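Trainee: Numbering (the numbering used here), first residue to last: 128 to 279.
Positions of the beta carbon are idealized from the N, C-alpha and C atoms, including for glycine.
As the structure is a prediction and not an experimental result, all values here were calculated from the model.
(1) Assuming residue 265 contacts residue 179 under a Cβ cut-off of 8 Å, what Cβ separation, rounded to an integer in Å, is found between them?
(2) Ignore the nearest five residues each way along the sequence and tell me which others in residue 262's own chain have a CB closer than 8 Å to its CB.
(3) Indicate, with yes or no, if the ligand SAH has a heavy atom lying under 8 Å from the CB of residue 173.
(4) I'd like to know whether the C-beta atoms of residue 201 and residue 252 end up nearer to each other than 9 Å.
(5) Is residue 193 near residue 248, with beta carbons less than 9 Å apart?
(6) What first and last residue would you give for the alpha helix (DSSP H) that runs through residue 220?
(7) Put residue 211 into one of helix, strand or coil per three-state DSSP.
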């Protein structure tokens, strides 16, 4: 609560002898309150800037790791599939027709999985790229605000 407002409510009871000093006190109080609001805003701005930097770092790491994970997954899937095809070909109880059917089935499944994987990867990359650019823009705006309010 503003101390000047409290004093103003008491002023009629005391008389007008305090009116001039009260006005000065009120101006000082307003300056102090504005300074405090600005300090709080700046403290919030620096915390927000740090948070944005951390978020940006995580986004970039996620974007970098996405392609690596997809490649690892694809390699693993191809290896498992080829192992299945090889074991199917080595199985003497299966006919040649069944072996060819298994091989075609595995190849078709691999093709579909690869297409879905590529599509999902492209979409994730698009979303991450958009978010990274958006975050970069926010970081630049925060840095501009920090230049305007350097008393951080």
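Mentor: A quick look at the data gives this:
(1) Taking the chain shown and counting its residues from 1, the one referred to as residue 265 is at position 138. Taking the chain shown and counting its residues from 1, the one referred to as residue 179 is at position 52. About 6 Å separates the two Cβ atoms, so the contact holds.
(2) Working through the chain shown from its first residue, we reach residue 262 at position 135. 179, 182, 183, 186.
(3) For the structure depicted, the ligand SAH is absent and the ligand set is empty, with no information on it obtainable.
(4) By one-based count along the chain shown, residue 201 stands at place 74. By one-based count along the chain shown, residue 252 stands at place 125. No.
(5) The residue given as residue 193 occupies position 66 in the chain shown. The residue given as residue 248 occupies position 121 in the chain shown. Yes, Cβ-Cβ distance for residue 193 and residue 248 is below 9 Å.
(6) Counting from 1 along the chain shown, the entry for residue 220 is found at position 93. Run containing residue 220: none; DSSP gives neither H nor E here.
(7) Here residue 211 is taken as the residue at index 84 of the chain shown, counted from 1. Three-state DSSP puts residue 211 in a helix.
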